[in-house]
Structure formats: structure tokens, C-alpha cells
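S.K.: Quick note on the numbering used here: the sequence shown kicks off at 954 and runs consecutively.
I'd like to ask you about the structure that follows.
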Amino acid sequence: MSEMRVVGVRVELPANQPILLLRETEGERYLPIWIGSVEATAIALEQQGVRPARPLTHDLLKDVIGALGRQLEQVRITDLQEGTYFAELVFDGDVRVSARPSDSVALALRIGVPIHAEESVLAEAGLIIPDEQEDEVEKFREFLDSVSPEDFRGADT
């Protein structure tokens, strides 16, 4: 199992599909996960330190966990089946709850707990970006610095 850090989210064109990009903290593999626009917005807002006037779903869940006296200890990306990623929330007392990786990451960022990925998932879907592509990663980081949550809203909103 490898600890991961959130590089950020971006929109893949031309399909306008958001992608969450994670990277090993002690390695060189990246893990791209296609996610929904709502979760992409939730992750981007948290990374940018934006506090909405009313709590979003992930903020509410954080508050519920605290009100129940539980502690989220970590998030694990556990499996990849037919292009679908699976994750679990690991609470104190080794209580585990199945969840989507996008929701899990949004919650982990809000609570400040580590994100881990199973070796089998990284072996199957992890990408090593060669040195000549590091410039692309830097461009991605620059993009993340310039993107706003409104960029993830659908055309019909």
C-alpha cells in the first residue's frame, strides 16, 4: 500500500470529463481517476481553501462523523474492476465503509487524513511519467493554480 497525495483535478477535453490525479508520496507513479463534476468541484474548492456559505455534502459528512464521536483514520483506494475504482473509509475501531474514491478523497482533504492506494491498483493503473513529460506535469500544476470551481460546472447550470 502506498500513500498518495492529491496533485489536483482537471477537465479532460473534448469530453469535459474531470480527472483526479494522485501521486505516490514516496514514489513516482501517478494514478488518474475519472470523476464526476460535483466531486471535482468539491475537491477543487477544498484545495483552494474556499468555504461555501452553506456546507457541501462532504462538509456535512465531516460534521456528522465528528458529531457521532468517530474518527476517520484513512482513505484507501482498494480495487479497480472494469475501469471502476473502489475505495473505503477506514474509521477508528477498524470500521470500514465502502465509498467512491472521489467522495473519499474530498472527505480526506477536509479531515486531513492520509490517502492510500493498494499496490494491485497502482500496478494496474499507475503511470510513470518519463522525465521528458515532467514539463506536462508542471503545466498541469499551473493549470490547477489557475482553475476555478466554476470551470467544473456543467453547461446547463
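Here a beta-carbon is modelled for each residue, glycine too, at the ideal position from N, C-alpha and C.
#1: Measuring only the C-alpha atoms, how far is Leu-998 from Ala-1076?
#2: Roughly how many angstroms lie between the CA atoms of Gly-1079 and Arg-1004, to the nearest whole one?
#3: Is the distance from the Cβ of Ala-1040 to the Cβ of Ile-996 below 8 Å?
#4: Among Val-964, Arg-982, Thr-978, which residue has its Cα nearest to the Cα of Ile-1081?
#5: Mind checking which residues open and close the beta strand (DSSP E) that includes Pro-971?
#6: Determine, using beta carbons only, whether Arg-963 and Arg-976 come nearer to each other than 8 Å.
#7: Can you tell me whether DSSP reads Gly-1019 as helix, strand or coil?
#8: So, helix, strand or coil for Val-1003, using DSSP?
#9: Taking the alpha-carbon of Pro-971 as reference, which of Pro-1067, Pro-985, Gln-1000 has the nearest alpha-carbon?
#10: What's the gap between the Cα of Gly-932 and the Cα of Gly-1022?
#11: By DSSP, does Ile-988 sit in helix, in strand, or in coil?
#12: Below 8 Å on the Cβ atoms is my contact criterion, and I expect Glu-1012 with Arg-1063 to pass it. Report the Cβ-Cβ distance as a whole number of Å.
#13: Suppose the cutoff is 7 Å on Cβ atoms and the five residues either side in sequence are ignored; what does the same chain contact list for Asp-1045 look like?
#14: Hey, Ile-1068 and Glu-979 are a contact pair by Cβ (cut 8 Å); roughly how many whole angstroms apart?
#15: Under the rule that 16 or more other beta-carbon atoms within 10 Å means buried, what is Glu-1072, buried or exposed?
M.R.: Inspection of the coordinates gives the following:
#1: 30 Å
#2: 32 Å
#3: no
#4: Arg-982
#5: 970-977
#6: no
#7: helix
#8: coil
#9: Pro-985
#10: Only positions 954 to 1110 of the chain appear in the structure, and residue 932 is not among them; the question remains open.
#11: coil
#12: Note on residue identity: the sequence assigns Asp, not Glu, to residue 1012. Indeed they touch by this definition, with Cβ atoms about 6 Å apart.
#13: Arg-1023, Gln-1024, Glu-1026
#14: About 13 Å; that fails the 8 Å criterion.
#15: exposed
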